[in-house]
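When you read off a place in the sequence shown, starting at 1, and then add 11, the result is the number in our numbering.
All C-beta atoms in this analysis are idealised placements derived from N, C-alpha and C, irrespective of residue type, glycine included.
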Amino acid sequence: AGDALLQMLTIHLPSPHTAQKYRMEMLYEGPKDDAAAIGIMNCDPAAPLMMYISKMVPTSDKGRFYAFGRVYSGTVSTGQKARIMGPNYVPGKKDDLFLKTIQRTILMMGRYIEPIEDVPAGNIVGLVGVDQYLVKTGTITTLETAHNMKVMKFSVSPVVRVAVEPKNASDLPKLMEGLKRLAKSDPLVQCFTAPTGEHIVA
12 AGDALLQMLT IHLPSPHTAQ KYRMEMLYEG PKDDAAAIGI MNCDPAAPLM MYISKMVPTS
72 DKGRFYAFGR VYSGTVSTGQ KARIMGPNYV PGKKDDLFLK TIQRTILMMG RYIEPIEDVP
132 AGNIVGLVGV DQYLVKTGTI TTLETAHNMK VMKFSVSPVV RVAVEPKNAS DLPKLMEGLK
192 RLAKSDPLVQ CFTAPTGEHI VA
């Protein structure tokens with residue numbers, strides 16, 4: 012069944028090289044003729060790096076996450092210096108922007124990870140060392156004038172809301188840390204503090 016499914020995917024789904032030509036406008040927030048947009052459209056590994064982080068995957072290291080996403084343009088590599096832009100980043104401003112080094116690039120294959128030197132456009136990859144700068148999603152680029160990739164929209168809203176509190180008030184910092192990790196690892200979970208002071212998980 013696995014082989015049949017894989018064969019169907021390769022036959023019926025367009026390759027990144029083909030798909031990004033017509034999907035670029037739906038993927039990128041910036042002008043459609045800048046270096047980032049052209050790189051995305053051509054799925055060009057030699058263009059400036061444009062990568063979208065779609066989710067955080069918990070690691071065996073307590074409290075740390077792999078930033079999992081897809082390279083749309085350029086090549087991402089271990090030790091590369093990049094701009095990490097959160098969803099609230101506005102071009103020209105410094106809010107939600109970090110200039111950091113990517114510690115490691117890894118291939119994620121089910122439960123196993125494989126270190127890899129670099130990953131060109133059109134592939135999915137996990138990054139080590141950027142999780143503390145992003146909450147759930149974000150854009151990673153090497154182009155100073157780049158805009159954000161469009162944030163993924165989920166057509167669902169919370170149906171259950173629960174107020175949580177620790178049995179012992181002294182454990183409140185641990186609860187807050189746990190809620191932070193839960194919100195980071197699940198793109199559909201919302202954790203917030205209500206006006207009444209209650210901690211809500213939705």
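Item to check | Complete runs of the beta strand (DSSP E) confined to the stretch 169-207 [at least 3 residues] | outcome: Qualifying beta strand (DSSP E) stretches, in chain order: 173-175 and 202-204.
Checklist entry - Given that a residue counts as buried once 16 or more other Cβ atoms are within 10 Å of its Cβ, and exposed if not, what is Gln-114? => result Label assigned to Gln-114: exposed.
Checklist entry - Which word fits Phe-76, buried or exposed, when buried means at least 16 other C-beta atoms lie within 10 angstroms of its C-beta? => result Burial call: buried.
Next on the checklist: Contact defined as beta carbons within less than 8 Å: I believe Leu-38 pairs with Ile-151. What is the distance between those atoms, to the nearest angstrom?
Outcome noted: 14 Å between Cβ atoms; not a contact.
Checklist entry - From what residue to what residue does the alpha helix (DSSP H) around Arg-34 run? => result That run of the alpha helix (DSSP H) goes 27-38.
Checklist entry - By the 10 Å Cβ neighbour count, where 16 or more other Cβ atoms means buried, how is Ser-170 classified, buried or exposed? => result In the sequence as displayed, the identity of residue 170 is Val instead of Ser. Under this definition Val-170 is an exposed residue.
Item to check | Integer Cβ distance of Gly-137 from Val-68, believed to fall under 8 Å | outcome: For Gly-137 against Val-68, the beta-carbon gap comes to about 7 Å, under 8 Å, which counts as contact.
Item to check | Per DSSP, cross-strand counterpart(s) of Leu-138 | outcome: In the DSSP output, where bridge partners are listed per residue, Leu-138 has Ala-78 and Thr-116.
Checklist entry - Within this structure, are the beta carbons of Ile-64 and Ala-78 separated by less than 7 Å? => result In contact: Ile-64 and Ala-78 (Cβ atoms closer than 7 Å).
Checklist entry - Would you say the stretch 124-135 touches the stretch 81-100, given that touching needs at least three Cβ pairs under 8 Å? => result Between the stretch 124-135 and the stretch 81-100, the count of C-beta pairs closer than 8 Å reaches three or more; the two stretches touch.
Checklist entry - Does the beta-carbon distance from Met-9 to Leu-108 come in below 7 Å? => result It is not possible to answer for residue 9, since the shown part of the chain is limited to 12 through 213.
Item to check | Host alpha helix (DSSP H) of His-210 (start-end) | outcome: No alpha helix (DSSP H) holds His-210; the beta strand (DSSP E) holding it covers 210-212.
Checklist entry - Given that a residue counts as buried once 16 or more other Cβ atoms are within 10 Å of its Cβ, and exposed if not, what is Lys-147? => result Under this definition Lys-147 is a buried residue.
Checklist entry - Using a Cβ-Cβ cut-off of 6 Å (strictly less than) and excluding sequence neighbours within five positions of Tyr-144, which residues of its own chain qualify? => result The beta carbon of Tyr-144 is closer than 6 Å to those of Ile-95 and Phe-109 in its chain, skipping five residues each way along the sequence.
Item to check | Short Cβ contact (7 Å threshold) for Ile-51 with Met-35 | outcome: In contact: Ile-51 and Met-35 (Cβ atoms closer than 7 Å).
Item to check | Same chain, Cβ closer than 7 Å to His-163, neighbours up to 5 away in sequence not counted | outcome: In the sequence as displayed, the identity of residue 163 is Met instead of His. Excluding positions up to five away in sequence, the list reads Ser-65 and Thr-148.
Next on the checklist: Measuring alpha carbon to alpha carbon, tell me which residue in Ala-213, Lys-43 and Gly-189 is nearest Val-200.
Outcome noted: Shortest Cα-Cα distance from Val-200 to any of Ala-213, Lys-43 and Gly-189 involves Ala-213.
Checklist entry - Quick one: Cα of Asp-44 to Cα of Asn-53, how far? => result Using only the alpha carbons, I get a separation of about 12 Å.
Checklist entry - Does the beta-carbon of Ala-180 have 16 or more other beta-carbons within 10 angstroms, so that it is buried, or is it exposed? => result Around the Cβ of Ala-180, a 10 Å sphere holds fewer than 16 other Cβ atoms; the residue is exposed.
Checklist entry - Using the C-alpha atoms, what's the distance from Ala-57 back to Ala-15? => result Note on geometry: alpha-carbon atoms of Ala-15 and Ala-57 lie some 34 Å from one another.
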